[in-house]
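> Below: one structure in structure tokens.
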Amino acid sequence: MTMSWLMKAEPDSRVVKGKDVKFSVDDFERMKVSPWDGVRNPEASRFMRERMKMGDKVLFYHSNTKIPGIAGFAEICKEGYPDYTAWDPSHPYFDPKTDKDKPKWYMVDIRFVSRANHLVSLPLLKHLATLPEPPSNLPYLKEQHLKAIKSMALLTRGRLSVQPVDDPLVVEAVELLAEKGGWDEDIDGAKKRNGKKRAAEALGSEEAGDNGPEAAGAKTESRDAGAKKKRRSNGADTPTRSEGSRRSARLKKE
DNA sequence: GCCAACGTTGGC
DNA sequence: GCCAACGTTGGC
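Under full-length UniProt numbering, the first residue of the first sequence carries the number 1, and numbering increases by one thereafter.
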């Protein structure tokens, strides 16, 4: 069975230990292939070491930015191998405790496949996850797609930066959304011009919170509700930021 | 081995 | 820039 994955990078400039951690879909498109180094989270590292396989699909996610969301598509093109940046003292995520003979941190390489024609934003996915049934303005989105979206770790474990996408229908749904769009395209602009509430309206949503919390139907889960469920979950969160730094360090060499 | 204080992620 | 989420650390 083929697995898919969601991997987060930061598209905006941010300097850590003198290095810009920026790695956007534009950067990725130029590079074509990028190592995913710098992850210092046990669970994420394990995914890369043990479970990612050649050809697995990757949803490329923009985090820590104005409108976070899935901005492109990629695939695994080199399976897990030791992350050499852990041994580089100048690297922001140098880990002095790791032994070269016994690598602790692993990474993979991923290859750029395509950009998302429409950004599949986190607010959109969150909104869709509140709906009891597919919205009429997105006729291509079927019941099973909606169900799959609701299961995404992105929504239930927000801070995990390398995460499995267990249900292939998630990938299908995201591909459809990215390809066809159909919600208000200009949520970006709407947000800038008119603030949150307008942006939520653009999504066909009341979730900006000004219209009463129940307006969107099944929406019940705030951050807190999600967290309570999660509290037991094992893995630590992953440093998205480190991912950016490693790749940008590479970029600079080009 | 409990749990309060602390640190980091990352959405907003 | 704020702060919720939640893992980690360290005192006991």
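For every residue, glycine included, the Cβ atom is placed at its ideal position computed from N, Cα and C.
Measure the CB-CB distance between ILE110 and LEU125 and report whether it falls below 8 Å.
no
> Quick check on DSSP: helix, strand or coil for MET3?
coil
> Where LYS66 and GLY158 are concerned, what is the direct C-alpha to C-alpha distance, given to the nearest angstrom?
16 Å
> Give a yes or no on whether the C-beta atoms belonging to GLY85 and ASP37 are separated by under 8 Å.
Before going further, note that residue 85 is Thr rather than Gly in the sequence given. Yes.
> Since VAL39 is in the alpha helix (DSSP H), which residue starts that stretch and which ends it?
Segment: none, VAL39 is in no alpha helix (DSSP H) and carries neither H nor E.
> Roughly how many angstroms lie between the CA atoms of ASP88 and MET1, to the nearest whole one?
36 Å
> Below 8 Å on the Cβ atoms is my guess for TRP183 versus LEU146; work out the distance and round it to an integer in Å.
That belief does not hold up - the Cβ atoms of TRP183 and LEU146 are roughly 14 Å apart, past 8 Å.
> If we count the other Cβ atoms within 10 Å of its Cβ and call it buried at 16 or more, is GLU10 buried or exposed?
buried
> List the endpoints of the continuous beta strand (DSSP E) containing GLU79.
69-82
> Which term fits MET107, buried or exposed, when burial requires 16 or more other beta carbons within 10 angstroms of its beta carbon?
buried
> Report yes if the CB atom of GLY55 is closer than 8 Å to the CB atom of TYR61, and no otherwise.
For the 8 Å CB-CB criterion, GLY55 and TYR61 do not form a contact.
> Please state whether DSSP places SER45 in a helix, a strand or coil.
helix
> Our contact map puts LEU160 next to GLU43 with C-beta atoms below 8 Å; I'd like the distance itself, whole angstroms only.
7 Å
> Apart from the five residues just before and just after HIS118, which ones in its own chain have a Cβ nearer than 6 Å to its Cβ?
Here HIS118 has ALA178 and GLY181 as same chain residues with Cβ atoms under 6 Å from its own Cβ, once five neighbours each way along the sequence are excluded.
> Are the beta-carbon atoms belonging to VAL162 and LEU59 less than 8 Å from one another?
no
> Which residues in the same chain have their Cβ closer than 6 Å to the Cβ of SER121, if we skip the five residues on either side of it in sequence?
ILE67 and GLY69
> At which residues does the alpha helix (DSSP H) containing VAL11 begin and terminate?
Contrary to the premise, residue 11 reads as Pro rather than Val in this sequence. No alpha helix (DSSP H) holds PRO11; DSSP gives it neither H nor E.
> Can you tell me whether DSSP reads LYS104 as helix, strand or coil?
coil
> Can you name the residues that DSSP bridges to ILE110?
SER34 and ILE76
> I'd like the list of long-range same chain contacts for PHE73, defined as Cβ closer than 6 Å, with 5 residues on each side in sequence excluded.
VAL113 and SER114
> Just curious, the beta strand (DSSP E) that VAL165 is in, first and last residue?
162-165
> Taking the alpha carbon of ARG14 as the reference point, which residue from LYS22, LYS8 and GLU143 has its own alpha carbon closest?
LYS22
> Can you tell which of ASP26, PRO35, TRP5 and SER24 has the C-alpha that lies nearest to the C-alpha of PHE47?
When ASP26, PRO35, TRP5 and SER24 are compared, the shortest CA-CA separation from PHE47 is found for TRP5.
> Compare the C-alpha of residue 255 against each of ASP101, LYS104, PRO103 and LEU155 and name the closest.
The structure shown does not extend to residue 255, since the chain is modelled only from 1 to 254, so the question has no answer here.
> Starting from LEU59, follow the beta strand (DSSP E) in both directions and report where the run begins and ends.
Where LEU59 is concerned, the enclosing beta strand (DSSP E) stretches over 57-62.
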